[in-house]
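Novice: The opening position of the sequence shown corresponds to residue 26 in our numbering, with each subsequent residue numbered one higher. Quick reminder that beta carbons are idealized off the backbone N, C-alpha and C, glycines included.
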Amino acid sequence: MQKQAKKYIEVCYSPALYDYYRNDDAIVVVSDILRATTAICAAFDNGVKNLIPVGGIDEAREWKAKGYLVAAERDGIVLDFADFGNSPFNFKPDRVRGRTIVYSTTNGTQAIMMASGAKQVAVGAFVNLSALAGWLLEAGRDVVILCAGWKNRFNLEDTVFAGALADKLTGSGNFATKCDAAVAARDLWLTAQADLVGYMEKAAHRHRLKKLGLDDVLEYCFTPDSTDVIPVLKGDMLVSHTDY
């Protein structure tokens with residue numbers, strides 16, 4: 026039996042670099058650990074039906090006028106017309122189960138929309154790390170991890186997550202990488218993994234959240250494998266991978 030060729034994994038540290046990593050045959054995993062992609066996973070874990078990512082504030086406001094629930098923030102602050110911000114603790118089962126939510130954030134939803142031309146787009150976070158890795162192994166396609174970053178800048182938390190996922194995929198023997206960004210991200214993960222919450226004390230966005238009194242989510246955001254949900258993009262909305 027012919028040995029199956031390994032698939033490749035790349036890491037893109039910022040949406041500003043995405044054109045250099047664009048691969049329309051790959052699965053793109055978007056990570057925005059603090060807090061958009063973690064919150065999306067939490068919403069699906071708590072029974073949301075689907076989630077519509079939008080880029081602009083005006084568009085989110087228009088969806089609100091149509092009667093939709095809207096989660097929207099800029100720079101960590103909940104917009105005045107929104108029902109939710111982007112804390113994973115906002116999406117309680119009694120408020121979201123079976124509902125459609127329109128979602129707009131500073132970085133994460135922009136990255137999801139940017140990646141929408143890929144073969145498939147999935148939402149990644151530490152909370153669904155192992156489930157996501159298993160799903161990618163089954164899919165058997167090249168993977169690009171797109172870090173949402175902070176306003177097109179590199180950030181620590183998304184990159185360390187990318188390294189954790191790269192470590193799982195390359196460790197399986199089914200994936201390889203020739204991408205220096207993936208190698209560096211994996212090295213960061215290997216440094217951070219023994220005390221991930223402690224390591225993330227260094228992260229700039231952790232300090233932004235603390236100033237806003239929003240750092241109650243840190244332990245949740247950096248605890249791997251609390252859910253097996255994998256949100257994926259289907260058309261213009263995110264659904265559970267089981268509904269794709």
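So, for Ala-41: in the same chain, excluding its five sequence neighbours on each side, which residues have a beta-carbon less than 7 angstroms away from its beta-carbon?
Specialist: Closer than 7 angstroms at Cβ, skipping near neighbours: Asn-177.
Novice: Which same chain residues, not among the five before or five after Met-26, have their C-beta less than 6 angstroms away from its C-beta?
Specialist: Because the pLDDT at Met-26 is just 45, under 50, the model does not fix this residue reliably, and the value given afterwards should be weighed accordingly. Excluding residues within five positions, none has a Cβ falling inside 6 angstroms.
Novice: Figure out for me which residue from Trp-160, Ile-77, Arg-120 has the closest Cα to the Cα of Ile-137.
Specialist: Checking every option, the nearest Cα to that of Ile-137 belongs to Ile-77.
Novice: Should Lys-259 be counted as a contact of the ligand MN given a C-beta to heavy atom distance under 7 angstroms?
Specialist: With respect to small molecules bound, the structure shown includes none, and the ligand MN cannot be examined in it.
Novice: Provide the residue span of the alpha helix (DSSP H) that contains Glu-84, from first to last.
Specialist: Glu-84 -> alpha helix (DSSP H) spans 82 to 90.
Novice: Give me the Cα-Cα distance between Ala-210 and Glu-84, rounded to the nearest whole angstrom.
Specialist: If I take the Cα positions, the gap works out to 34 angstroms.
Novice: Assuming contact is defined by CB atoms lying nearer than 8 angstroms, are Val-127 and Val-168 in contact in what I supplied?
Specialist: For Val-127 and Val-168, no; Cβs fall outside 8 angstroms.
Novice: When the Cα atoms are used, what is the spatial distance from Gly-142 to Leu-234?
Specialist: Each residue's alpha carbon lies about 32 angstroms from the other.
Novice: In the DSSP assignment, find the unbroken beta strand (DSSP E) run with Thr-125 in it and report its ends.
Specialist: Element bounds for Thr-125: 125 to 129.
Novice: So, helix, strand or coil for Pro-256, using DSSP?
Specialist: Correct three-state label for Pro-256: strand.
Novice: Going by DSSP in three states, Cys-204 sits in which element: helix, strand or coil?
Specialist: If DSSP states are grouped into helix, strand and coil, Cys-204 belongs with coil.
Novice: From Val-146 to Ala-206, what does the alpha carbon distance come to, in whole angstroms?
Specialist: Rounded to whole angstroms, Val-146 to Ala-206 spans 20 angstroms at the Cα level.
Novice: Of all the options Val-257, Ser-265, Gln-29, Asp-268, which has the alpha carbon lying nearest to the alpha carbon of Lys-144?
Specialist: With distances taken between Cα atoms, Lys-144 lies closest to Val-257.
Novice: Between Thr-195 and Ile-82, which are expected to be in contact by the criterion C-beta below 8 angstroms, what is the C-beta distance as a whole number of angstroms?
Specialist: Contact doesn't hold; Cβ gap of about 39 angstroms is too wide.
Novice: Could you tell me if Ile-170 is buried or exposed, where buried requires 16 or more neighbouring beta carbons within 10 angstroms of its beta carbon?
Specialist: Counting Cβ neighbours within 10 Å, Ile-170 comes out buried, since at least 16 surround it.
Novice: The alpha helix (DSSP H) with Gly-101 in it runs from where to where?
Specialist: It is not in any alpha helix (DSSP H) - Gly-101 carries neither H nor E in the DSSP assignment.
Novice: Can you look up Val-73 in the DSSP assignment and give me helix, strand or coil?
Specialist: Looking at Val-73 - three-state DSSP - the assignment turns out to be coil, as it is neither helix nor strand.
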